[in-house]
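Heads up: take any position in the sequence shown, counting from 1, add 153, and you land on the working numbering. Every residue gets a Cβ at the ideal spot worked out from N, C-alpha and C, and that includes glycine. Following: one structure in structure tokens, then a few remarks.
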Amino acid sequence: MSDRDKPSQDGGSFEERLRGAQARQEAAAPKPAPGVGSGSSPSPMGIGARVGVELVSALAVGLAIGWGLDWLLGTRPWLLALFVLLGGAAGVANVWRLMMPRKTRPTPGS
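Rendered as structure tokens:
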């Protein structure tokens, strides 16, 4: 029988010991740092990085889809040009939604 399986010597019930352990753990847990999820506004550098990633990734996806379809269908360069434009438009739309004030942002699905 291990130490964990033995009944406690202090005579406390399991619930009392559990509450005490949870209180000790909560007191010892570090408080979350301000930042993501704390309600504070994001840093300008973080916003700039996200804007860049949104634009570049949307263009890259449009480029890849257009190139792939052109390769399959033999329509070079028409679908590539079309999907690069669509990818750029999607990137701008994502950045536009990101920059809108929170109160006026549409909820997903509406």
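Residue span of the alpha helix (DSSP H) that contains residue i, given as start and end
i: Gly244; result: Trp231 to Met252
i: Arg203; result: Pro197 to Leu226
i: Ala181; result: Phe167 to Ala181
Pairwise C-alpha distance: residue j and residue i
i: Ala211; j: Arg229; result: 20 Å
i: Gly215; j: Lys256; result: 30 Å
i: Ala182; j: Val245; result: 41 Å
i: Arg177; j: Arg170; result: 11 Å
i: Asn247; j: Leu226; result: 29 Å
i: Ala242; j: Arg172; result: 55 Å
i: Ser193; j: Ser166; result: 42 Å
i: Pro261; j: Val206; result: 21 Å
i: Trp224; j: Ala217; result: 10 Å
i: Ala174; j: Ser196; result: 37 Å
i: Met253; j: Lys184; result: 31 Å
i: Met154; j: Ala202; result: Only weak support is given to the placement of Met154: the predicted model assigns it a pLDDT of 48, under 50, and the question is left unresolved by the model.
i: Gly199; j: Val237; result: 26 Å
Integer-rounded CB distance, given that residue j should sit under 8 Å from residue i
i: Val204; j: Leu239; result: With a Cβ gap of about 19 Å, Val204 and Leu239 do not count as contacting.
i: Trp220; j: Leu208; result: At roughly 18 Å, the Cβ-Cβ gap does not stay under 8 Å, so Trp220 and Leu208 are not in contact.
Neighbourhood of residue i by C-beta, 8 Å cutoff - its chain only, sequence neighbours within 5 removed
i: Leu235; result: Gly219
Own chain, CB closer than 6 Å to residue i, minus 5 neighbours either side, in chain order
i: Leu222; result: Leu232
i: Trp249; result: none
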